[in-house]
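Residue numbers (my numbering): 1 to 361.
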RNA sequence: GUGCCUGUAGCUUAGCUGGUUAAAGCGUCGGGUUGUGGUUCCGAAGAUCGAGGGUUCAAAUCCCUUCAGGCACC
């Protein structure tokens with residue numbers, strides 16, 4: 001496999017690199033916002049672009065349910081569908097095994113979800129997930145894994161999820177190779193294998209070895225930020241940092257996007273992050289400001305605040321001078337523009353954080 | 001002037017054959033959210049039940065007076 005990723009060390013474990021995808025280069029470390037249904041909620045592609053975002057995610061499960069991968073393909077594929085030229089990555093639907101735990105059944109073959117609105121049964125397997133992702137046309141795709149919670153109840157399923165994830169990875173990889181065997185190397189999407197193992201270091205180490213031993217294009221760290229404490233997550237990231245091999249492959253920490261955690265991730269050698277937090281928090285009125293602190297813009301104390309969210313920020317909302325008093329009012333009256341502006345701000349906050357950790361290439 | 005109806009949290013109301021610390025939605029205030037089912041979830045503050053008096057062990061609830069708003073008729 002030709003090298004798609006090159007990096008320079010920037011610290012004990014941290015590094016900065018260039019990832020070459022078929023839709024363009026990506027500088028790392030990088031934060032990638034989630035556009036689950038093909039759109040980063042409330043943002044136009046230009047607004048997303050303005051934050052310095054290089055990659056946008058979409059979700060296999062949600063796009064499969066509606067409008068369906070065939071419809072997306074008929075509309076020209078994910079890029080034309082989402083009106084985005086730059087790199088896109090699809091998540092496998094594996095996370096929905098965790099987040100939609102109440103409405104799904106897992107078997108060795110795959111996972112059956114019941115749509116609570118329509119009653120429809122939806123079946124996802126490693127093969128089907130890869131097929132959907134290939135049909136959608138993402139530039140980076142993720143193997144279908146088994147995600148379990150790390151709260152007190154979920155931890156007893158760690159071993160089962162760990163073992164199944166590896167069996168499913170082999171199936172995901174086989175389907176990927178089948179569907180890409182006639183493609184030029186440079187046209188193939190990059191497949192990420194997922195490391196599981198909960199909070200068990202031995203399992204994590206073993207999982208990492210298994211994933212790294214396979215010809216996947218990238219290493220994804222899954223099964224974190226699912227109910228464990230922040231300290232537990234950081235400890236695992238530090239542990240993993242000492243066990244990566246030397247292969248030129250990007251490391252993607254799935255689902256992490258709190259600035260404090262992103263900093264830790266970068267410190268411990270992670271190259272890519274995705275998370276709903278900047279946009280979900282923004283829609284609920286929470287913004288990040290200098291020092292990785294967060295403020296609730298709807299708080300009464302901002303009623304007559306003429307200052308922008310963060311004076312040191314260069315995002316559209318701050319640069320244009322939208323005051324916290326204005327934003328608070330728009331939140332109070334349910335005006336979606338408030339969520340849009342704070343989404344731009346929060347994403348930019350994470351992009352600036354990543355940019356500060358990059359080396360020159 | 002006479003008759004009737006309505007006054008309960010900032011708002012809209014529930015409770016009215018008398019019976020624990022008067023309930024809810026919205027609003028207000030605070031918090032949560034980590035590979036997005038959710039303009040969402042959790043919590044808190046907030047009421048001398050229009051006022052005064054009476055009956056009763058006990059009154060938002062029954063009786064009397066009064067005030068305010070509304071409707072109808074003179």
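Each residue gets a CB set at the ideal place from its N, CA and C atoms; glycine is no exception.
For residue j and residue i, the rounded distance between their alpha carbons
i	j	result
residue 27	residue 57	16 Å
residue 299	residue 325	10 Å
residue 213	residue 100	31 Å
residue 180	residue 78	18 Å
residue 270	residue 14	7 Å
residue 41	residue 209	36 Å
residue 286	residue 255	18 Å
residue 202	residue 341	44 Å
residue 349	residue 292	9 Å
residue 4	residue 186	9 Å
residue 76	residue 24	19 Å
residue 266	residue 119	42 Å
residue 251	residue 104	29 Å
residue 6	residue 21	12 Å
residue 288	residue 182	46 Å
residue 238	residue 9	16 Å
residue 200	residue 236	9 Å
residue 319	residue 109	51 Å
residue 86	residue 33	13 Å
residue 16	residue 178	32 Å
Selection from the options that minimises the alpha carbon distance to residue i
i	options	result
residue 19	139, 181, 110 and 100	139
residue 169	145, 150 and 184	145
residue 126	166, 103 and 159	166
residue 240	156, 276, 217 and 196	196
residue 367	25, 246, 230 and 193	Past the edges of the chain, shown from 1 to 361, lies residue 367, and the structure says nothing about it.
residue 149	85, 233 and 83	233
residue 51	229, 360 and 344	344
residue 162	211, 129, 76 and 357	211
residue 44	16, 84 and 128	84
residue 275	31, 310 and 3	31
residue 347	102, 260, 23 and 278	278
residue 231	264, 250 and 221	264
residue 198	156, 106, 296 and 217	156
residue 331	311, 322, 297 and 304	297
residue 69	96, 49, 128 and 108	128
residue 29	94, 257 and 328	257
residue 354	272, 159 and 289	272
residue 311	328, 294, 290 and 304	290
residue 206	184, 246 and 159	159
residue 152	102, 204, 229 and 117	229
residue 221	360, 86, 17 and 94	94
residue 253	262, 80 and 143	262
residue 12	294, 242 and 223	242
Residues that DSSP places opposite residue i in a beta bridge
i	result
residue 59	91
residue 195	221
residue 286	296
residue 28	17
residue 236	Residue 236 is not bridged to any residue.
residue 33	275
residue 7	17
Residues near residue i in its chain [Cβ-Cβ closer than 7 Å; skip 5 each side]
i	result
residue 115	65 and 122
residue 1	Summary for residue 1: the model assigns pLDDT 47, below 50, so the residue's position carries little reliability; its value from the coordinates is reported in the next sentence. If we look at residue 1 and ignore the five residues flanking it on each side, its Cβ neighbours are 215.
residue 62	36 and 37
residue 154	148 and 227
residue 249	5, 217, 218 and 219
residue 328	297, 298, 302 and 303
residue 307	323 and 324
Own chain residues within Cβ distance below 6 Å of residue i, not counting five before or after
i	result
residue 141	90, 133, 189 and 191
residue 283	339
residue 317	341, 344 and 345
residue 130	172, 175 and 176
residue 47	344
residue 111	97, 104 and 124
Proximal residues to residue i (C-beta, below 8 Å), its chain only, five neighbours per side dropped
i	result
residue 73	135, 136 and 137
residue 82	35, 38, 39, 45, 56, 58 and 88
residue 314	348 and 352
residue 244	208, 212, 219, 251 and 269
message: So within the segment 105 to 192, which uninterrupted alpha helix (DSSP H) runs reach at least 4 residues, ignoring any that extend past its ends?
response: Complete alpha helix (DSSP H) runs here, min 4: 126 to 136 and 158 to 180.
query: Of all the alpha helix (DSSP H) runs that stay within the bounds of the segment 236 to 278, which reach a length of 4 or more residues?
result: 259 to 267
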